[in-house]
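*Asks:*
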Amino acid sequence: MASSPDLFPNVAFSDVSAAAPAAEATAAFGLGATTGAPRLCLVKSGKDEAEPTVDIDLADAQVFKLGPMEWLCVCDESEAKAGVEEKSFSRAIKVVLRTEAESKAFSLAFQQWKHQVISGKAGERLENGSIIASKSKFDTKIEASSAKMYFHYYGQLLHQQNMLQDFVRTGTYYAAVMENRSDFEGRVVVDVGAGSGILSLFAAQAGARHVYAVEASEMAENAQRLMSGNPSLGQRITVIRGKVEEVELPEKADILISEPMGTLLVNERMLESYVIARDRFLAPDGKMFPTTGRIHMAPFSDEYLYVEIANKALFWQQHNFFGVDLTPLHGSAFQGYFSQPVVDAFDPRLLISPPIYHTLDFTSMKEEELYEIDIPLSFVASVGTRVHGLACWFDVLFNGSTVQRWLTTAPGSPTTHWYQLRCVLSQPLYVMAGQEITGRLHLVAHSAQSYTIYLTMSAKMWGVGAEQGGILQTSTGKLELKEPYYRLSQPQSYMLPQDQQQQQQLSSLQPHGSEQQMQEGLSPGITIDQVDKDYGLN
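Sequential numbering of the sequence shown, starting at 18, is according to my numbering.
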């Protein structure tokens with residue numbers, strides 16, 4: 018066989034289909050010298066490797082566990098005789114390993130070499146003219162181009178470094194694991210989407226008996242090097258290259274650990290893989306780190322941000338751009354800029370109501386519940402102001418047996434690489450203190466590993482006639498979570514509604530005072546009043 022095969026000497030095997038007696042052999046995984054396809058060869062002791070006793074094509078083979086050290090390999094074969102129609106049949110080979118450790122390694126080697134058939138040679142024409150079209154659940158719901166970019170991104174060390182250097186994130190995970198050693202000591206752990214393998218190493222530090230680090234990107238190779246460089250921990254960690262929807266593990270896990278959170282908690286749709294891993298690998302009563310996630314929401318007022326976004330569309334108000342009138346595209350451009358969720362760290366004083374939250378219980382929810390998330394909104398304004406949209410952030414709970422620890426991305430808390438997210442409405446709402454704000458946040462998953470956000474916010478009637486109910490104002494927005502506006506380098510100076518009122522009172526004493534400075538500081542081309550006039554907001 019070509020390549021560097023995984024060798025398992027002195028195994029016992031027997032052809033169950035032929036009722037043959039057991040024989041001793043060396044089991045070798047590798048690539049066929051002529052076809053280049055992954056194969057499992059069983060070579061009897063004393064025989065030449067070039068003439069294996071049993072040669073199994075992994076493309077159509079399956080393996081079943083019979084006991085702690087016994088496996089049954091089933092494959093399709095055919096027999097052709099001159100003048101007789103070709104017959105197809107299944108062949109079953111029983112393989113017995115010497116130790117449980119070898120048995121686990123044999124199972125993992127089988128799955129990893131078979132994975133090359135599914136993912137490494139997808140769509141390649143085989144000798145018999147058929148085409149491999151096997152797709153996992155991940156492949157059926159995610160665009161191939163999106164998945165390729167996703168795994169390429171996370172396969173680079175510079176992006177792994179960005180996450181590792183988020184000390185709130187990394188430090189909270191470390192504390193959650195170490196403070197709950199009793200959950201990890203002597204247990205089997207699966208690290209879902211292991212990346213560099215840092216969480217696997219944390220689990221090993223906490224005393225895990227064995228950790229399976231599952232990683233689909235090329236980062237798996239770097240993770241393996243990291244394990245080799247930390248042998249006291251790495252000897253209890255097995256790195257498996259593949260998707261959790263596809264790989265097989267030799268045993269159930271007592272605990273899953275993962276960092277599946279994206280922007281707004283759900284971006285990149287890795288939470289679905291986390292739930293699938295739970296269903297496939299987690300033993301009954303097993304634990305999940307993290308256990309629960311919450312999306313927090315509150316209305317906000319931020320004149321600076323609103324004007325900054327509206328200002329971007331001014332380019333399309335030109336009537337004579339090299340002799341061309343651009344104004345027919347202004348409306349589309351204006352709405353386009355407001356279709357981008359804003360990712361930045363904002364002052365929590367911009368919130369005009371206490372937040373509400375929506376809970377996702379990773380231990381019990383179904384994967385399908387993440388395809389569409391519908392959250393009703395209900396707030397009471399604490400001040401009279403303009404509402405520019407909905408601010409969102411998330412937190413996750415590590416529900417350990419000893420310590421419960423939260424990882425939060427809330428405004429005002431230490432900043433993480435997730436920051437916060439704001440959905441800005443192109444048509445703000447005007448509210449009075451005590452006025453009710455209602456609406457709906459509707460997230461719909463799509464095949465580009467993200468969500469379309471549909472936001473509706475309404476202010477109920479205030480004053481005379483309010484007891485009859487009714488809606489005074491409603492504003493809606495459609496935003497793409499995959500295409501945010503990263504506002505991380507923008508100046509973060511803010512003016513609260515009460516500050517604006519105080520400055521209006523001082524304006525007669527300060528003719529060049531801060532209201533004028535505020536407007537000049539917003540943009541060289543537009544003011545808040547101009548936005549109101551240009552877009553019919555007053």
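Here a beta-carbon is modelled for each residue, glycine too, at the ideal position from N, C-alpha and C.
What residues in its chain sit with their C-beta under 7 angstroms from that of residue 224, if we drop five residues either side in the sequence?
*Replies:* Contacts found: 198, 201, 202 and 203.
*Asks:* For residue 246, is the classification buried or exposed, using 16 other Cβ atoms within 10 angstroms of its Cβ as the cut-off for buried?
*Replies:* Label assigned to residue 246: exposed.
*Asks:* Within this structure, are the beta carbons of residue 124 and residue 286 separated by less than 8 angstroms?
*Replies:* No.
*Asks:* DSSP beta-bridge partners for residue 229?
*Replies:* 207 and 255, per the DSSP bridge assignment.
*Asks:* For residue 302 and residue 264, what's the separation of their Cα atoms in angstroms?
*Replies:* Roughly 22 angstroms separates the two Cα atoms.
*Asks:* Where does residue 419 sit, in a helix, a strand or coil, going by DSSP?
*Replies:* Residue 419: coil per DSSP, three-state reduction.
*Asks:* From the DSSP output, which residues share a beta bridge with residue 490?
*Replies:* 476.
*Asks:* Assign residue 26 to buried or exposed, taking buried as 16 or more other Cβ atoms, counted over all protein chains shown, within 10 Å of its Cβ.
*Replies:* That one is exposed.
*Asks:* On a CA-only basis, which of 371, 329 and 121 is nearest residue 352? Give me that one, please.
*Replies:* Here the closest residue by C-alpha is 329.
*Asks:* What runs of the beta strand (DSSP E), each 3 residues or longer, lie entirely inside the segment 284 to 334?
*Replies:* The segment 284 to 334 contains these whole beta strand (DSSP E) runs: 299 to 306 and 309 to 317.
*Asks:* Given residue 172, which residues of its chain have a CB within under 8 angstroms of its CB, disregarding the five upstream and five downstream residues?
*Replies:* So the list reads 234, 235 and 236, once near-sequence residues are dropped.
*Asks:* Within 10 angstroms of the Cβ of residue 300, are there 16 or more other Cβ atoms? Answer buried if so, exposed if not.
*Replies:* Per the 10 Å Cβ criterion, exposed.
*Asks:* So which of 451, 463 and 319 has the shortest CA-CA distance to residue 388?
*Replies:* Nearest of 451, 463 and 319 to residue 388, Cα basis: 463.
*Asks:* Please work out which residues of its chain come closer than 6 angstroms, Cβ to Cβ, to residue 459, disregarding the five sequence neighbours upstream and downstream, and give them in chain order.
*Replies:* Same-chain partners within the cutoff: 391 and 471.
*Asks:* Which of helix, strand or coil does DSSP assign to residue 439?
*Replies:* Residue 439: strand per DSSP, three-state reduction.
*Asks:* For my contact list, residue 54 and residue 422 are in at a C-beta cut-off of 8 angstroms; report their separation, rounded to the angstrom.
*Replies:* Actually they are not in contact, since the Cβ atoms of residue 54 and residue 422 sit about 48 angstroms apart, beyond 8 angstroms.
*Asks:* Just verifying my parser: in three-state terms, what is the DSSP assignment at residue 402?
*Replies:* Strand, per DSSP.
*Asks:* Please name the residue, chosen from 380, 72 and 44, that lies closest to residue 62 on a Cα-to-Cα basis.
*Replies:* Residue 62 has its Cα closest to that of 44, out of 380, 72 and 44.
*Asks:* What's the gap between the Cα of residue 494 and the Cα of residue 347?
*Replies:* Answer to the nearest angstrom: the Cα atoms are 17 angstroms apart.
*Asks:* On a Cα-Cα basis, can you pick out the residue from 500, 161, 446 and 397 that is closest to residue 371?
*Replies:* Ranking 500, 161, 446 and 397 by Cα distance to residue 371 puts 397 first.
*Asks:* CB residue 253 to CB residue 226, shorter than 8 angstroms?
*Replies:* Yes.
*Asks:* Rounding to the nearest angstrom, what Cα-Cα distance links residue 250 and residue 243 in this structure?
*Replies:* About 10 angstroms.
*Asks:* Across which residues does DSSP place residue 23 in a beta bridge pair?
*Replies:* Bridge partners of residue 23: 46.
*Asks:* So, with DSSP's three-state summary, where would you put residue 29?
*Replies:* Here residue 29 sits in strand by DSSP.
*Asks:* Alpha carbon to alpha carbon, how far is residue 333 from residue 448? Give it in angstroms, no decimals.
*Replies:* Approximately 31 angstroms, taken between the alpha carbons.
*Asks:* On the CB-based measure, 16 or more other CB atoms within 10 Å of its CB, does residue 270 come out buried or exposed?
*Replies:* Answer is buried; the Cβ neighbour count reaches 16.
*Asks:* Can you pull the DSSP bridge partners for residue 375?
*Replies:* Residue 375 pairs with 312.
*Asks:* Which residues does DSSP list as the beta-bridge partners of residue 81?
*Replies:* Bridge partners of residue 81: 89.
*Asks:* According to DSSP, is residue 160 part of a helix, a strand, or is it coil?
*Replies:* Note: residue 160 maps to coil in three-state DSSP.
*Asks:* Taking the DSSP output, what are the residues bridged to residue 74?
*Replies:* The partner list for residue 74 (beta bridge, DSSP) reads 56.
*Asks:* Beta-carbon within less than 8 angstroms of residue 33's beta-carbon, same chain only, minus the 5 sequence neighbours each way: which residues are those?
*Replies:* Here the set comprises 89, 109, 110 and 111.
*Asks:* Could you give the first and the last residue of the continuous beta strand (DSSP E) run that contains residue 396?
*Replies:* That run of the beta strand (DSSP E) goes 389 to 397.
*Asks:* How should residue 239 be labelled, buried or exposed, when 16 other C-beta atoms within 10 angstroms of its C-beta is the threshold for buried?
*Replies:* Per the 10 Å Cβ criterion, buried.
*Asks:* For the segment 277 to 295 against the segment 497 to 507, are there 3 or more C-beta pairs whose distance is under 8 angstroms?
*Replies:* Judged by Cβ distances under 8 angstroms, the segment 277 to 295 makes contact with the segment 497 to 507, as three or more pairs qualify.
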